[in-house]
Amino acid sequence: MGLVPGIVKGLGVTGGTLLRTVFPGGVKKPIPAPIKGAQTVQYPHEKETPVARARGVIALHEENCTSCMLCARECPDWCIYIEGHKEKAPPRRAGGKPRQKNKLDRFDIDFALCMYCGICVEVCPFEALFWSPEYEFSEPHIADLLHDKSRLHEWMTTVPEFEPYEAGASVKLKKVPAL
Amino acid sequence: MSSADTTEEEAVPATDEAREQLLASITADLGEGVVGSHIRPGDDLWVRVDRDAWLDTARLLRTKLGFHYFSFISAIDWMPSPYGRSMDSRVDLVLEGVEAEEPQPIEQGVAGGDTRFQVFARVNNVVTNMGVTIKVDLPDDDLRVTTWVPVYPGANWHERECWEMFGIEFTGHPGLRHIYLPGAFEGNPMRKDYPLLARHVRPWPGIVDVEAMPGDDEVKS
Amino acid sequence: MMILSELAYWESTSLRVVGGLAAVLLMAGTLVYIHLFKLVSFMQSRLGPMETGPYGSLQLLAEVGKFLQKEDIFPRKADRFVFAAAPFVILMSTFLLVVVVPGGPDAWFIDSDLGIYLAMAVSSVSVIGILMAGWGSANKYSLMGGLRATGQLIAYELPLILAVVGVVIQAGTMNMQGIVLAQADGSIFGWSGIGNPFLLTQAVGFFVFMIAMQAELTQSPFDMPVAESELVTGYMTEYSGMRFLMFFIGEFATAGVFSAIAAVLFLGGWYVPGIDSASNAFNVIGPLVMLGKVVFLSFLVFWFRFTFPRFREDQLQKLAWKFLIPIALVNIVATGILKVAF
Amino acid sequence: MTAISDQQQLSYIAAQAADARVNVEIESEGMTLNLGPQHPATHGTLRIVAKLDGEQVIKADPVMGYMHRGYEKLTEVRTYPQVTTLINRIDWLGSFANEVPFILAAEKLMEVEAPPRAQWIRTILFEMSRIANVVLFLGDMAVQVGAVTPVFFAFRDREHILNQMEAVTGGRFHPNFDRIGGLKDDLPAGWIDETHQVMKKMRRFCDEMENLVMGNEIFQARSRGIGVIPADVGLSYGLSGANIRASGVDYDLRRDNPCGMVHDQTDWKVWTHPDGDSFARFWVRLQEVRESTSIVDQLLRTMPSGPIMAKVPRIIKVPAGEAYVETENPLGAMGYYIVSKGDLVPFRVKIRSASFSNVSITPWLLQGVYVPDIITILGSLYFILGDIDR
Numbered sequence: 000m001g002l003v004p005g006i007v008k009g010l011g012v013t014g015g016t017l018l019r020t021v022f023p024g025g026v027k028k029p030i031p032a033p034i035k036g037a038q039t040v041q042y043p044h045e046k047e048t049p050v051a052r053a054r055g056v057i058a059l060h061e062e063n064c065t066s067c068m069l070c071a072r073e074c075p076d077w078c079i080y081i082e083g084h085k086e087k088a089p090p091r092r093a094g095g096k097p098r099q100k101n102k103l104d105r106f107d108i109d110f111a112l113c114m115y116c117g118i119c120v121e122v123c124p125f126e127a128l129f130w131s132p133e134y135e136f137s138e139p140h141i142a143d144l145l146h147d148k149s150r151l152h153e154w155m156t157t158v159p160e161f162e163p164y165e166a167g168a169s170v171k172l173k174k175v176p177a178l
Numbered sequence: 000m001s002s003a004d005t006t007e008e009e010a011v012p013a014t015d016e017a018r019e020q021l022l023a024s025i026t027a028d029l030g031e032g033v034v035g036s037h038i039r040p041g042d043d044l045w046v047r048v049d050r051d052a053w054l055d056t057a058r059l060l061r062t063k064l065g066f067h068y069f070s071f072i073s074a075i076d077w078m079p080s081p082y083g084r085s086m087d088s089r090v091d092l093v094l095e096g097v098e099a100e101e102p103q104p105i106e107q108g109v110a111g112g113d114t115r116f117q118v119f120a121r122v123n124n125v126v127t128n129m130g131v132t133i134k135v136d137l138p139d140d141d142l143r144v145t146t147w148v149p150v151y152p153g154a155n156w157h158e159r160e161c162w163e164m165f166g167i168e169f170t171g172h173p174g175l176r177h178i179y180l181p182g183a184f185e186g187n188p189m190r191k192d193y194p195l196l197a198r199h200v201r202p203w204p205g206i207v208d209v210e211a212m213p214g215d216d217e218v219k220s
Numbered sequence: 000m001m002i003l004s005e006l007a008y009w010e011s012t013s014l015r016v017v018g019g020l021a022a023v024l025l026m027a028g029t030l031v032y033i034h035l036f037k038l039v040s041f042m043q044s045r046l047g048p049m050e051t052g053p054y055g056s057l058q059l060l061a062e063v064g065k066f067l068q069k070e071d072i073f074p075r076k077a078d079r080f081v082f083a084a085a086p087f088v089i090l091m092s093t094f095l096l097v098v099v100v101p102g103g104p105d106a107w108f109i110d111s112d113l114g115i116y117l118a119m120a121v122s123s124v125s126v127i128g129i130l131m132a133g134w135g136s137a138n139k140y141s142l143m144g145g146l147r148a149t150g151q152l153i154a155y156e157l158p159l160i161l162a163v164v165g166v167v168i169q170a171g172t173m174n175m176q177g178i179v180l181a182q183a184d185g186s187i188f189g190w191s192g193i194g195n196p197f198l199l200t201q202a203v204g205f206f207v208f209m210i211a212m213q214a215e216l217t218q219s220p221f222d223m224p225v226a227e228s229e230l231v232t233g234y235m236t237e238y239s240g241m242r243f244l245m246f247f248i249g250e251f252a253t254a255g256v257f258s259a260i261a262a263v264l265f266l267g268g269w270y271v272p273g274i275d276s277a278s279n280a281f282n283v284i285g286p287l288v289m290l291g292k293v294v295f296l297s298f299l300v301f302w303f304r305f306t307f308p309r310f311r312e313d314q315l316q317k318l319a320w321k322f323l324i325p326i327a328l329v330n331i332v333a334t335g336i337l338k339v340a341f
Numbered sequence: 000m001t002a003i004s005d006q007q008q009l010s011y012i013a014a015q016a017a018d019a020r021v022n023v024e025i026e027s028e029g030m031t032l033n034l035g036p037q038h039p040a041t042h043g044t045l046r047i048v049a050k051l052d053g054e055q056v057i058k059a060d061p062v063m064g065y066m067h068r069g070y071e072k073l074t075e076v077r078t079y080p081q082v083t084t085l086i087n088r089i090d091w092l093g094s095f096a097n098e099v100p101f102i103l104a105a106e107k108l109m110e111v112e113a114p115p116r117a118q119w120i121r122t123i124l125f126e127m128s129r130i131a132n133v134v135l136f137l138g139d140m141a142v143q144v145g146a147v148t149p150v151f152f153a154f155r156d157r158e159h160i161l162n163q164m165e166a167v168t169g170g171r172f173h174p175n176f177d178r179i180g181g182l183k184d185d186l187p188a189g190w191i192d193e194t195h196q197v198m199k200k201m202r203r204f205c206d207e208m209e210n211l212v213m214g215n216e217i218f219q220a221r222s223r224g225i226g227v228i229p230a231d232v233g234l235s236y237g238l239s240g241a242n243i244r245a246s247g248v249d250y251d252l253r254r255d256n257p258c259g260m261v262h263d264q265t266d267w268k269v270w271t272h273p274d275g276d277s278f279a280r281f282w283v284r285l286q287e288v289r290e291s292t293s294i295v296d297q298l299l300r301t302m303p304s305g306p307i308m309a310k311v312p313r314i315i316k317v318p319a320g321e322a323y324v325e326t327e328n329p330l331g332a333m334g335y336y337i338v339s340k341g342d343l344v345p346f347r348v349k350i351r352s353a354s355f356s357n358v359s360i361t362p363w364l365l366q367g368v369y370v371p372d373i374i375t376i377l378g379s380l381y382f383i384l385g386d387i388d389r
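Protein chains in written order, with numbering that gives the first Met the number 0: chain L, 0 to 178; chain W, 0 to 220; chain H, 0 to 341; chain D, 0 to 389.
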């Protein structure tokens, strides 16, 4: 036991926190403002902005998707469902041959099953999948968590730009495609 | 690593004297008991012992060689899984025209092996920071081995887990009861021939491919 | 409350009942809001309830409404009568305690010469309620909680009473009003600037009383009988809905009432220095002064509660028998000697 | 004389017999107290069936498996990159640390090594997940012995760490950031400075805990001499991490078996305590958090530049072989024994989780203690149910 008994020190810690919470301005500005002093955020009224990399919900940039099935195959949970068919697209150059193009019919992600691991976003070779930090998409019915491709496409508007890297990084910064 | 480290890497000896010595002292004590061994220089040591020498190995390691720290006991079922990655069901394969494959031969890992089931345990010496993996082969018709509990009391739960997951009996164990699974559970889930139902009740979404346009079969890759 | 004597018996009695109910419930509500919802939350860097009413001030009403809606569950093997009656016994002791506490020179429920004696006697009744709850629940955790509570409450009754004895000796009366007046008109070794709050002359008694009070309230560090992380709130485990609410009110109202008794005994009750104790003003400001002192003392209770870990029962018994009781006894002897000497 | 009906007589006899039975039970058998699976002290769904004599434990038998998810089986049908997702959920408070030994074992089989910058970041995140995990222990242990406030402080300050983890990995709890041969991504700009600030906050938190909990005489009375584990017993039960260091065994895999991480590039100390009781375990963990913050600070300052990914094929097939890598995770030594057959998926993964071994000592340790001490001991051994049940 030191000079001050531990019991008193403990009271000091809780009492000090009490004072710091009520008077966040400290001694200089002793105005009670617990809303500022508290660590918590009054959620529905006030929202913390998630970081740009936050894995909230998966957004689909439909134009880039070639229905290559890579994401559906790599998904550990088997929660991505893709259906598509081939169709003829007009030739790229005039006089060229009509191209074969994969048309996406269905792209569903079951967010009830999803583990938010990000493997699908990572393996996508055509930059069609992105993480959006949006997190408010809970549903009263579990079946509604199956987002179809139009819903997934809507999330694209919430996808932030990739953050620049810390000094010393040699990774190339990617770009989010314009909508 | 930086350049200094790469030179260090090259300096790692192809032979590992400390582990050679350790293996020698184990062999000296157990004699015929040691049936196989493997050393990865600078890294690890595997010793495969005879089933009768299993408990003696533990005693030797703990009392004479200072391996006080017990890491784990578990088992390996070396039979290749008849279900593969469980990605596609039998029905799909038949439709695709794939013939039912012959079961692949059993292939054991380092330090060799003769049988389908192998119990392996790992103990550490906290002073020399060396670990050793001990393996023992169990014949299919007699999945029994003596328990390590008298030497390493911590083996108790690991052996219970191993018993329920692989069906390997540890003779002399103070209470082989289910540890994870409910008491009435039947079967040994970690055996390779025990199907993982979650991967069978639902088709793999990755199995479908982009459908070709009608009358356009030749594009199908 | 001199008017009371002119009223018929039934009229004065019902007035007293209403007053008692108001005193207990309002005080409990105030303490829960100020301490449990706000100050403790601030101690933990959070805000507490904020949604119902401004700054969450109506949260308590919402909680009460919630509890009232809940099903009143009886465990299948419970001793139904005992189980059902236990919360009433505990709440009864709280209501009986409040009657002796004066709020001003004329603001009292009963002005008995046995005041503090009655309070100490009545406070022990809650032990029976706790034991009933523990036994009646037919739950091992509850039983252990009940038994622990009984042992603890009985052990701490002694230092509590012994601490009071010092005050009684010094005041020369057991009447609560008398104790207030003794502090208001008294003097500390001849100096009567602020009267004689027994907090100063009975510091040891105050110290013992506060610790014993904490234990009587089964608040941490003496909450072994309820111990959420261990006995899952002990004797209250099986209670739900209305009956749990009664325990809850009992807990906080008792904290308030004990703080009030401590305020009367050691802080001079409704008296503040500077105003003549016979002044009629105290009938108005007295209850407010009391409330202020109660809030302060109960803040100490909750501050300790939310700062300290809990003692094991053997340790808290040791604390009572080997530490608190001896120093309380020494305090009595010293008080007696000084009383005779001066 | 009133006639007693047969029925009355029978019910009387039955009542007498019931009373007798109750008496016999109380006198001879003691009481069986069932702690859990739903109990605040069991961090989830551990269950302890304790035979009591009064409040003294005669025999305690932990029962687990309520949360068994069969990870060892599940890994056999998942590719190597998919496995990391899964093993994030073993010790969910220090998720990143779970990935590291698995990745290191796979790297050992593939004979690749992550570039230095990746190793640096890996070590930083590894230590930060230790802080995130142990900080919660410091608060939780206090709750187990009855102090409510410390756990709020713990949650409050852990948030800073989680925010930093999220800023890098995108996941607060399940980073899934480690890859064979490196890391998924580099650090975002400004992260290093923020992390220095967070480390400062964590050190302040440690000071607060020291004043609020560790220095408290009541806490010491509750934890000193409770649940003493002699070093030898602890080792033979496979105890690891702070639990064994609190028994005076100077064994820390970060120092003794460095593998794929760069703890040796920093100046730090392995803390041990000779007592082996609950207080010692708390003490060691508190010092370790401080040590971790200093490791992170040092590494942030010396971070090399360069790539974060070694050359690894896009489709990962691990060559046949066996490898075991054990690292010093927040809860203790965690290891993965990977058996590969040169396939996309591991052939067998034995997960050696720390809590499983740490808790296996409880039947021995709980004999003869009192009911309140069960809670102290369980709290101080510190387990995560996901780490026991896997």
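Glycine included, C-beta positions come from ideal geometry on N, C-alpha and C.
Touch check for the stretch 177-187 of chain W and the stretch 62-74 of chain D: three-plus C-beta pairs under 8 Å? yes
CB contact check: residue 18/W to chain D, cutoff 8 Å: no
Evaluate the contact criterion for the stretch 56-72 of chain H versus the stretch 111-121 of chain H: three or more CB pairs, one atom per stretch, below 8 Å. no
Look at the Cβ atom of residue 311/H, then the Cβ atom of residue 221/D, and state whether they are nearer than 8 Å. yes
Closer than 8 Å, CB to CB, is residue 26/L near chain H or not? Chain H, which has no Cβ nearer than 8 Å to the Cβ of residue 26/L, makes this no.
Pull out every residue of the stretch 62-73 of chain L whose Cβ sits closer than 7 Å to any Cβ of chain W, in chain order. For the stretch 62-73 of chain L, which is checked against every Cβ of chain W, the residues closer than 7 Å are 66, 68, 71 and 72.
Using 8 Å as the threshold, is the C-beta distance between residue 83/D and residue 226/D below it? no
Which whole runs of the alpha helix (DSSP H) in the stretch 235-316 of chain D are 4 residues long or more, in chain order? Whole alpha helix (DSSP H) segments, 4+ residues: 241-244, 252-255 and 277-300.
Would you mind stating whether residue 77/W and residue 115/W have Cβ atoms separated by less than 8 Å? yes
Residue interval of the beta strand (DSSP E) (run including residue 80/L): 79-88
Can you give me the C-alpha to C-alpha distance between residue 201/H and residue 273/H, rounded to a whole angstrom? Straight-line Cα distance between these residues: approximately 21 Å.
Taking beta-carbon pairs under 7 Å, can you tell me which members of the stretch 283-313 of chain H lie near chain D? For the stretch 283-313 of chain H, which is checked against every Cβ of chain D, the residues closer than 7 Å are 305, 306, 307, 308, 309, 310 and 311.
Just the Cα atoms here: how many angstroms apart are residue 372/D and residue 163/L? Going from the Cα of residue 372/D to the Cα of residue 163/L covers about 52 Å.
Select from the stretch 202-229 of chain H all residues with a C-beta closer than 8 Å to any C-beta belonging to chain D, and list them in chain order. 219, 220, 222, 223, 226, 227, 228 and 229
In the structure shown, what three-state DSSP assignment does residue 184/D receive? coil
Candidates 332/D, 114/D, 213/D and 217/D: closest to residue 179/D by CA position: 114/D
Can you list, in chain order, the residues of its chain with a C-beta nearer than 7 Å to that of residue 125/W? Leave out the 5 residues immediately preceding and following it. 67 and 68
Roughly how many angstroms lie between the CA atoms of residue 40/W and residue 100/D, to the nearest whole one? 20 Å
Which residues, taken in chain order from the stretch 34-60 of chain D, show a beta carbon closer than 8 Å to some beta carbon of chain H? 38, 39, 40 and 54
Could you check the C-alpha separation between residue 316/H and residue 358/D for me, to the nearest Å? 31 Å
For the alpha helix (DSSP H) containing residue 397/D, name the first residue and the last one. Because chain D is modelled from 0 through 389, residue 397/D falls outside the range shown and cannot be assessed.
Pull up the distance between the alpha-carbon of residue 24/D and that of residue 38/L, whole angstroms please. Per-residue confidence for residue 24/D stands at a pLDDT of 47, beneath the threshold of 50, marking its modelled position as unreliable; the derived number appears in the next sentence. Distance between the alpha carbons of residue 24/D and residue 38/L is about 52 Å.
Using the C-alpha atoms, what's the distance from residue 286/H back to residue 244/H? 26 Å
In the DSSP assignment, find the unbroken alpha helix (DSSP H) run with residue 130/L in it and report its ends. Premise fails: residue 130/L lies in the beta strand (DSSP E), 128-131, not in any alpha helix (DSSP H).
Along chain H, which residues have their Cβ under 9 Å away from the Cβ of residue 401/D? Absent from the structure is residue 401/D, since the part of chain D shown begins at 0 and ends at 389.
Cutoff 6 Å; reference residue 134/W; Cβ partners in own chain excluding five residues on either side: 47, 110, 117 and 119
If we cut at 8 Å on Cβ distances, does residue 15/W have a partner in chain D? no
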